[in-house]
Amino acid sequence: MNLKLKNFCLYIILIVFIMFHQMKGQLLPVLGGQRAGISTMQFLKIGVGGRAVGMGESFIAIANDASTLYWNPSGIVNFSEHQAIFSHTQWIADIKHEFVGYVHHISDVDAVGISFISLHMDDMQVTTELMPFGTGEYFSFGDFAIGLSYAHKFTEQFSFGFTIKYARETLDKLHMDGFLFDLGTYYWTGLGTSRFSVVVSNFGSNMAPKGEVILLNGKKISDFQSFSPPTMFRIGFALEPIYTENHKLTTSIQINHPNDNSENLALGLEYNWQNIFSLRGGYKLNVDEQKFSFGAGIKAPISFASLSFDYAYNSFSRLGNTHRFSIILGI
Numbered sequence: 233m234n235l236k237l238k239n240f241c242l243y244i245i246l247i248v249f250i251m252f253h254q255m256k257g258q259l260l261p262v263l264g265g266q267r268a269g270i271s272t273m274q275f276l277k278i279g280v281g282g283r284a285v286g287m288g289e290s291f292i293a294i295a296n297d298a299s300t301l302y303w304n305p306s307g308i309v310n311f312s313e314h315q316a317i318f319s320h321t322q323w324i325a326d327i328k329h330e331f332v333g334y335v336h337h338i339s340d341v342d343a344v345g346i347s348f349i350s351l352h353m354d355d356m357q358v359t360t361e362l363m364p365f366g367t368g369e370y371f372s373f374g375d376f377a378i379g380l381s382y383a384h385k386f387t388e389q390f391s392f393g394f395t396i397k398y399a400r401e402t403l404d405k406l407h408m409d410g411f412l413f414d415l416g417t418y419y420w421t422g423l424g425t426s427r428f429s430v431v432v433s434n435f436g437s438n439m440a441p442k443g444e445v446i447l448l449n450g451k452k453i454s455d456f457q458s459f460s461p462p463t464m465f466r467i468g469f470a471l472e473p474i475y476t477e478n479h480k481l482t483t484s485i486q487i488n489h490p491n492d493n494s495e496n497l498a499l500g501l502e503y504n505w506q507n508i509f510s511l512r513g514g515y516k517l518n519v520d521e522q523k524f525s526f527g528a529g530i531k532a533p534i535s536f537a538s539l540s541f542d543y544a545y546n547s548f549s550r551l552g553n554t555h556r557f558s559i560i561l562g563i
């Protein structure tokens, strides 16, 4: 590794340290759940892609398809195809989540990407203390984010990427918005297929709702408390204990440190047969919901492209189950 790359790596490590030296949490502490509810833009925490979610969201050290636009921006240089992805999630309480992204390789070591996230549901009735069954009016709720990503492969082993995104959250007459950043690194250790990654997601300044609310007594409120974005610090490791022409077994482990909850540990497993059919499973430790997941995928090569279909099932202990479907087209 040359001096320039060493200095760059030290610079990235320094940035990560400065951003997170205030986080006093221990590795998988008993406490930490008391931080729940202190951040906004929660839709940015909903995982993307049937493959990643099927592996328990332990994916930042795998990051080798277009869904890595969400998980780890440095991963967009880990594959050679131009890829487009569409992911749909049937979320809890009739909420729907969509993700669309595209990765374009501008050279062997540079790639760019664009992504769009949307969380939406049907309009809801307005109710009041005096009219609990509805006033006849309706209000809407919806979130979206648009991201631009870039990654560069500095050596055959090390790559770095970032995403800048604009996010907006809307509830009836109120909205909040701001710019957020993702930073990601990817490193092949040289020991077999082992590699690890460090990712910081949704880093940015505090945001406060904008707009005006009129109470029943006629009082107007336009000054609101500000909240931090849902910043997440992740460290992941992955390897293939089995890698033959017909069979590949990928294992991954990932530590997640959110700013608004306890640390948790995610484990992922994927079996792939002849690069056509895959089975996946995942499990999270130290979480109350979404503990286990599983999924499957099939890749159908066609004359001018490759087409992948992936599905993931995610279990909530009290809120029901979610289903996620994604399609990836590679050219």
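Per the numbering used here, residue 233 is the first one in the sequence shown, and the count goes up by one each step.
Even for Gly, the Cβ is constructed at its ideal location relative to N, Cα and C.
Remember, predicted model here, so these are calculated numbers, not experimental data.
Can you find a C-beta in chain B that's less than 7 Å from the C-beta of residue i?
i	result
Phe-311	Absent from the structure: chain B. Only one protein chain is present.
Where residue i and residue j are concerned, what is the direct C-alpha to C-alpha distance, given to the nearest angstrom?
i	j	result
Ser-350	Ser-372	14 Å
Phe-390	Pro-364	58 Å
Leu-276	Tyr-419	25 Å
Ala-383	Asn-296	13 Å
Gly-529	Ile-308	20 Å
Met-255	Thr-359	Only weak support exists for where Met-255 lies, its pLDDT of 44 falling under 50; the coordinates are left without a value.
Gly-422	Gly-333	30 Å
Leu-471	Phe-413	28 Å
Asn-518	Phe-376	29 Å
His-337	Glu-313	7 Å
Trp-505	Glu-330	29 Å
His-479	Leu-511	12 Å
As a quick exercise: from the options, pick the residue whose alpha carbon is nearest that of residue i.
i	options	result
Asp-404	Gln-389, Val-445, Gly-368	Val-445
Ala-343	Asp-354, Ser-381, Asp-355, Val-358	Ser-381
Asp-392	Trp-323, Ser-458, Phe-459, Ile-292	Checking the displayed sequence, the identity of residue 392 turns out to be Phe instead of Asp. The option with the nearest alpha carbon to Phe-392 is Ile-292.
Thr-395	Glu-388, Phe-386, Thr-417, Gln-389	Thr-417
Asp-520	Ser-549, Leu-362, Pro-441, Glu-388	Ser-549
Val-341	Thr-387, Tyr-545, Met-356	Thr-387
Ala-325	Ser-510, Met-356, Met-408	Met-356
Met-408	Ser-426, Lys-523, Pro-441, Gly-379	Pro-441
Ile-534	Ile-508, Gln-522, Phe-557	Ile-508
Phe-557	Arg-283, Thr-272, Glu-361, Leu-501	Arg-283
Asn-310	Thr-300, Thr-482, Ile-317	Thr-300
Tyr-475	Gly-281, Thr-483, Ile-327	Thr-483
Ala-298	Leu-539, Thr-554, Glu-502, Ser-547	Leu-539
Phe-435	Ala-399, Asp-455, Ala-544, Ser-339	Ala-399
By DSSP, does residue i sit in helix, in strand, or in coil?
i	result
Arg-283	helix
Gly-269	coil
Phe-275	helix
Trp-420	strand
Gly-288	coil
Ile-324	helix
Thr-387	coil
Ile-308	helix
Count the other C-beta atoms from every protein chain shown that fall within 10 angstroms of the C-beta of residue i, then say buried if there are 16 or more, exposed otherwise.
i	result
Val-432	buried
Ala-268	exposed
Tyr-370	exposed
Leu-551	exposed
Tyr-302	buried
Leu-415	buried
Glu-361	exposed
Gln-315	buried
Please confirm whether any heavy atom of the ligand SAM lies closer than 6 Å to the CB of residue i.
i	result
Ala-377	For the structure depicted, the ligand SAM is absent and the ligand set is empty, with no information on it obtainable.
Length at least 3, wholly inside the segment 426-476: the beta strand (DSSP E) runs in chain order
427-435, 464-475
Length at least 3, wholly inside the segment 326-371: the beta strand (DSSP E) runs in chain order:
328-337, 342-352
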